[in-house]
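Below you'll find the structure, written out as structure tokens, and then a few comments.
Numbering (our numbering), first residue to last: 644 to 901.
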């Protein structure tokens, strides 16, 4: 029996009952009528729009994109993340923040989008939309679009004695991966090698660690305790899991409370 038909039948049954019983029954019917809307609301959870910048200290085209990420770091509705890649290091331009896993992450994004080459600077918005270089107008449009769409996964981080209590919930079932990302809010580097030699570079939200907490299908809440580290802030990002280990769109995100 459908929900609307059940409500109609129960509504007819309460006619003729005592006023107090009628009031209780009609309250139950009102809750039943609201439940579809409540379920729909759960499919549009709030959370910051995730913007990932793949950058390098040795890339002459990167400073404008780095500056754009610095601006985004002042906003509470955006989670900007600077991931420094290591493939410029081989020509003698080592990046002090670079990690091989960030290069692999970028390569996975490019493959998922049907591309063949990695490049810097490269922005990925919401795990799905790609921008080459610093394009503030296009980036602003993408952020607005993702914010209006909302997330299907609600991610909550609450302080606990051991660090943070993570709870992720959704009304959908799909292959997903839950990740904790640790980052340094601000950093300065005196670059000595490469195309930016002599530049005093300023960076925001420099990713220092990215750990997969586990795969998740959404059938039951995902609950974990995450340890805090004094040197870094942290955020949790839930993404769709595509074939061949690739990551898809961001399904939910939250930054840890300070």
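Note that CB positions come from ideal geometry on N, CA and C, so glycine has one too. Just so it is clear, the structure is predicted and the values come from calculations on it, not from any experiment.
Taking the continuous beta strand (DSSP E) assigned at residue i, which residues delimit it?
| i | result |
| --- | --- |
| residue 716 | Premise fails: residue 716 is in no beta strand (DSSP E) and is neither H nor E. |
| residue 864 | Careful: residue 864 lies outside any beta strand (DSSP E) and carries neither H nor E. |
| residue 851 | 843–859 |
| residue 891 | 890–898 |
| residue 762 | No beta strand (DSSP E) holds residue 762; DSSP gives it neither H nor E. |
| residue 836 | Residue 836 -> no beta strand (DSSP E), and no H or E assigned at all. |
| residue 813 | 806–813 |
| residue 695 | 692–698 |
| residue 799 | 796–803 |
| residue 883 | 876–884 |
If you follow the alpha helix (DSSP H) that residue i is in, where does it begin and where does it stop?
| i | result |
| --- | --- |
| residue 828 | Element bounds for residue 828: not the alpha helix (DSSP H) but the beta strand (DSSP E), 819–833. |
| residue 787 | 779–792 |
| residue 744 | 743–755 |
With distances taken Cα to Cα, identify the nearest neighbour of residue i among the options.
| i | options | result |
| --- | --- | --- |
| residue 773 | 752, 832, 731, 827 | 752 |
| residue 738 | 705, 718, 692 | 705 |
| residue 765 | 749, 755, 754 | 749 |
| residue 790 | 898, 689, 892, 782 | 689 |
| residue 897 | 863, 873, 858, 793 | 793 |
Leaving out five residues on either side along the sequence, give the residues of the same chain with a beta carbon under 6 Å from the beta carbon of residue i.
| i | result |
| --- | --- |
| residue 712 | 696, 723, 725, 847 |
| residue 842 | 834 |
| residue 746 | 728, 729, 730 |
| residue 866 | 810 |
When the distance is taken between beta carbons, is residue j closer than 8 Å to residue i?
| i | j | result |
| --- | --- | --- |
| residue 758 | residue 882 | no |
| residue 817 | residue 860 | yes |
| residue 807 | residue 869 | yes |
| residue 797 | residue 701 | no |
| residue 822 | residue 880 | yes |
| residue 890 | residue 775 | no |
| residue 832 | residue 844 | yes |
| residue 710 | residue 698 | no |
Skipping 5 residues on each side, what residues in its chain have a beta carbon closer than 7 Å to that of residue i?
| i | result |
| --- | --- |
| residue 802 | 900 |
| residue 732 | 738, 741 |
| residue 721 | 691, 692, 694, 715, 786 |
| residue 744 | 853 |
| residue 838 | 701, 702, 703 |
Which term fits residue i, buried or exposed, when burial requires 16 or more other beta carbons within 10 angstroms of its beta carbon?
| i | result |
| --- | --- |
| residue 795 | buried |
| residue 824 | buried |
For residue i, which residues of its own chain have a beta-carbon under 8 Å away from its beta-carbon, when the five flanking residues on both sides are left out?
| i | result |
| --- | --- |
| residue 784 | none |
Does the ligand ADP have a heavy atom nearer than 7 Å to the CB of residue i?
| i | result |
| --- | --- |
| residue 822 | As far as ligands go, the structure on display features none, and thus does not contain the ligand ADP. |
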